[in-house]
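Input: a single structure, listed below in structure tokens.
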Amino acid sequence: MQYLDTGKYHVLFTLLLVFFILFNIRRAKGKKDMFVRRIPGLNAIDDAIGRATEMGRPVLMVPGIGELNAISVQALNIFAQVTKTAAQFGTPIRLCCANAAVFAVAQETIRDVYQAQGQIERYDVDSVRFISERQFAFAAGVSGMIHREQCAATFFLGEFFAESLIFAETANAVGAIQIAGSTQTVQTPFFIAACDYVLIGDEFYAASAFLTREPVLVGSLIGQDWAKFVVVFMIFCGFITNSMERHQVTDMKRVDNDATADVEAFSEMVPVEPWANGKPVLKRRADTWLFRQFNPFITKEQVTVDRPLEPEPEPTTATGGGS
Amino acid sequence: MKFLTQLAQLPPEYNPFWAKEPGNDALLWIFLTIGVGIVGMLLLTRVPTRARRPIVWTFTFLSGAFYVIYYLWPMPIDRDAREIPQGFVEQGGFFMKDALPRVADIANVLTFLLLCLGIFSLTKIHSARVVKKQKDWFFSVVLLVAMVVMVIVGYWDYILKEFNDPNALLTKAENWGTVNYAYDLLFDGLIQQMDAAMFSMIAFFILSAAFRAFRIRSVEATVMMASAILLMISLMGAVDYQWSELIKGWTGDDPAHMLNNLNLSQISGWVKNYLQIPSIRALEFGVGLGALAMGLRIWLGLERGGVSV
Amino acid sequence: MSTPEKSFWDKAQTLDRRVLYAVLIVLTATSLFFKTEIPVNPDDSSKDLYVSLMTIDPSKTVLIESDWTNSTRGESAGHFEALMRILMFRKVKFVVYSIADAQAPQVARDALMRIQEERKGQGLKEYEPWVDYLDIGYFPNAEGHLQAVGNNIRTAWGGRKERDDTGKERGIFESPVLSNVRVVGDAGLVVVVSASATIDIAVERLYGKVPLAFMVTGVMGPNALPYYQAGQIVGIGVGLKGVYDVEYMMKYGVNYRPDGATKAKVLYKEDSVVVAPVTEGTTMDRGARYFLPLHVALTLMILAIIFGNVAMFASRRKKKEAK
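Protein chains in written order, with the working numbering: chain A, 10 to 332; chain B, 84 to 392; chain C, 34 to 356.
Here's what the structure looks like:
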């Protein structure tokens, strides 16, 4: 927020979504066997690992090339489940990271999985590897590994960019079963063209709820669904109000003033001729009530705040962004 | 003690720790920070496994709390560096605003430390492979040599340009020495070109993937193939233009004629605007909500999936 | 049991990918030798981008976020060079910075130097560092940094120093390029030349504070178009077609009728807007060189898809007949 934030709705909306998620997590606690619809890509995990075990080849996992954030943590959550199965079968795993922070967390996570399964002697420290932070050096490194080790199953889940197709086609060339999903929606078509199973959009986030059926995760998923209903409702309201307003003949038009000029407000409504050249003047997007809700008129007075100054001027601090 | 005194001075006078210039005691602060960091790390290695989760969660919560408060707290849009905030809300806003770049710096420093960890792992794995003469050990030699040479040449070049070149002569190639040429060869001559080569492989992969995937096997696959071909044709400006000229011939260049809808750019524009963009937007809503829920679970310590299974 | 011998169509269906690759490389490499001018209908988004760039107030500084590296130079270098040519023609001061990749500043610098050399060869005025433009390099932590820029650009960039026209190191805000920029909104436009997801961050952190325009790769196009459709960015050039569109408009203008012409080559949605072409230096360059190879590659892909389907149906028919 700012003193003059032009959109208070986003804070309200975010808090509403947070409430939905937390409320449903609380509601779901203690409940068991909650329903989550089938996600084919996740059903295939056991088959993929079973195949790798039979062939005596490793399972490869890549949590994307993004930083350590909600996406990579979610990818590691799914990989923890994959590793759990692989540890039971004694299937070798490879987890390749392109980010050092993700690598550190991945190492801990995978070791914990082996420990929890009582298979710590099967844990190979070098199975989790940091390859490179450079996108295409990472792509080359992982592709090389897929070729050399002839991986039988590959899991590409997380934040993928241009390297998605390089991985998917390379894995396809060695005949691996591929399960993939990218939060970068523009990369999803590449995965769909080249992989066996693809998690689309937020199926990626639903994966751990589907795999573990933990009440907290399923509750959170229900909260997300409630939030989606709100989004759909708001889109519908926007569609109705905009459709009605944009077909109205208007006699007022919004103009943005030059901020440096001597004006009272940065934007204002000015009168216009409703029928120009015999044609009706319809409201533009900027003239609508809905637009004003998100882009209110700001007056000069609102942005002028008089504060006392420090007596001795200090030199400005050199900060930010590194140099 | 001085740190605490400085913090204690905050209200009512606005004198934030964040906005201070490094003075004469800068070195003292640096050594103190390094010392506290080392002691902290040693203590953390002694922590029993059971206690790890609450420690991790505490740090996660504190770091997340900063950004949550930053998001919700009213902030000044613009202010002069010498302005003194009035009242508690303004003081908080000023404090957070000044703190933000510092918090970003802390994140950068942590990233660097973790990068060291990654490089250590990389070196360890590949050195072991070379020593044990494992399969493909020669590639590991290439990797290690490339890494060391790039680091040395990169820093050497940086030091020459940044500290030993007051008249900025090295911005022109004719003044370069061996190291600058070596850096140019490694950076512009090798890394950049290899990056471009890897990326251009996608063109080949797109071709083979499209050849394999776009088959009329099901309704979905047919729709996907048809829309792909339509968009590809519309990207070919020559075809699009000639087709539109043909339509102009039929319509007599009347912009209101119904046949104008057959323009390739019109059809592909319709597919993009009314099918592709709304679908992407819907997916983005889902992904955004998923990320929010995930972030919330991590921040509040409700996430139990990965870190301890 | 002996396996039945594969027919021609069976083999055609699983054509060795290396054959496809060889055909692609020969055809596209050959077509690269021809620089052609192909008449096009520029996309609406490209027209908006060109109009924004050509109508920007020349007294205002433009901030260029250069987030591309040599890997995407086929598209991004064309975007960046066209942008440089337009800004230099219009004598607009600019700042180049990067947040996506540490290699990006060097690549942008090289492209900028190419344009400078070209202008020198054409007897045009060269842009002077410090006086006409600033190249302030890379800032790590993309999300945090753009948030800091939106928050207070003077603090976020305060630590950066550049050599002035006398060779002395000074803070960048003392330069004539940035002296008039107090908050990010004082900039005339932020142009993001990107091959990565930094476009999302730019909208998240800067929308509403300063006008935004994008020049992105073809793959990132679908990711960026929703922002254009929602009015969050003023214009966008997508992929190689976007480069060619801009170059085409640089040559022919928008709604522009040269003396004696009855009709403009490029029409705009608003008849009243007339934008002249760029009348100095090079206009058609990289886009014109790569547009024909794009046609060739796309034609090949369409033919490959058709061939694959014909093979599939022929093979099925053969099998049916054999039964």
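We put the beta carbon where it would ideally sit given N, CA and C, even for glycine.
Taking 8 Å as the upper bound for CB-CB distance, Gly210/A and Gly369/B are in contact here, some 4 Å apart. Annotation: the region 185 to 249 of chain A contains the following complete segments of the beta strand (DSSP E) (minimum length 3 residues), in chain order: 186 to 191. At a beta-carbon threshold of 7 Å, the residues of chain A lying near Phe282/B are Phe145, Ala171, ordered along the chain. No Cβ-Cβ contact shorter than 8 Å links Gly384/B with Gln233/A. By the 16-neighbour rule on beta-carbons within 10 angstroms, Leu53/C is buried. For Ser276/A, the enclosing beta strand (DSSP E) stretches over residues 276 to 280. Looking at the DSSP output, Asp265/A shares a beta bridge with Ser276/A. With its beta carbon at least 8 Å from every one in chain B, Phe22/A lies outside the interface. What Tyr214/A touches in chain B, judged by beta-carbon distance under 9 Å, is Gly369, Val370, Leu372, Gly373, Ala374, Ala376, Met377, going in chain order.
Shortest Cα-Cα distance from Ile167/B to any of Leu155/B, Tyr264/B, Asp181/B, Leu358/B involves Asp181/B. For the region 34 to 53 of chain A, the residues whose beta carbon sits under 9 Å from a beta carbon of chain B are, in order, Ile34.
According to DSSP, residue pairing for Asp168/C in a beta bridge involves Val129/C. Against Met334/C, the close residues of chain B are Leu290, Ala293, Met315, in the order they occur along the chain (beta-carbon pairs closer than 7 Å). Lys237, Val240: these are the residues of the region 237 to 249 of chain A whose beta carbon lies less than 7 Å from some beta carbon of chain B, given in chain order. DSSP places Ala246/C in the strand class (E or B) of the three-state scheme. Residue environment: Gln180/C is assigned as buried (16 or more neighbouring CB atoms within 10 Å of its CB, all protein chains considered). Check the Cα spacing between Gly378/B and each of Ser229/A, Val239/A, Val314/A: the tightest is with Ser229/A.
Listed as beta-bridge partners of Arg196/C by DSSP are Glu202/C. Under DSSP, Gly270/C forms a beta bridge with Met248/C.
Looking at the DSSP output, Phe165/A sits in a beta bridge with Val71/A, Ala189/A. Taking Ile148/C as reference, the option from Glu207/C, Ile234/C, Thr316/C with the minimal CA-CA separation is Thr316/C. When secondary structure is reduced to three states using DSSP, Lys298/C falls in the coil class, being assigned neither helix nor strand.
DSSP places Leu155/B in no beta strand (DSSP E) but in the uninterrupted alpha helix (DSSP H) bounded by 132 to 155.
A direct Cα-to-Cα measurement between Val137/A and Asn250/B gives close to 48 Å. Neighbours of Arg294/A across chain C, judged by C-beta separation under 7 Å: Gly264. Identification of residues in the region 164 to 193 of chain A having a C-beta nearer than 7 Å to some C-beta of chain B yields Ala171, Leu174, Ile175, Glu178, Thr192, given in sequence order.
In the assembly as shown, Asn213/C is an exposed residue. Its beta-carbon has fewer than 16 other beta-carbons within 10 Å. In the pairwise beta carbon analysis, the region 227 to 237 of chain C is classified as not touching the region 152 to 160 of chain A: fewer than three pairs are separated by under 8 Å. When DSSP states are grouped into helix, strand and coil, Cys199/B belongs to the helix group.
One Cα belongs to Phe303/A, the other to Val281/A, and the distance between them is close to 23 Å.
Beta bridge pairing from DSSP links Leu318/A with Glu166/B.
Taking 7 Å as the cut-off between beta carbons, the residues of the region 229 to 258 of chain C near chain A are Ser229, Ala230, Gly241, Val252, Met253, Pro255, Asn256, in sequence order. At a beta-carbon threshold of 9 Å, none of the residues of chain B lie near Gln149/C; the nearest stands roughly 12 Å away. A Cβ-Cβ distance of about 7 Å is found for the pair Tyr214/A and Ala376/B, placing them in contact under the 8 Å criterion. Here Tyr241/B is exposed: its Cβ has fewer than 16 other Cβ atoms, across all protein chains shown, within 10 Å. Within the DSSP bridge table, the entry for Ser99/C names Val226/C as partners.
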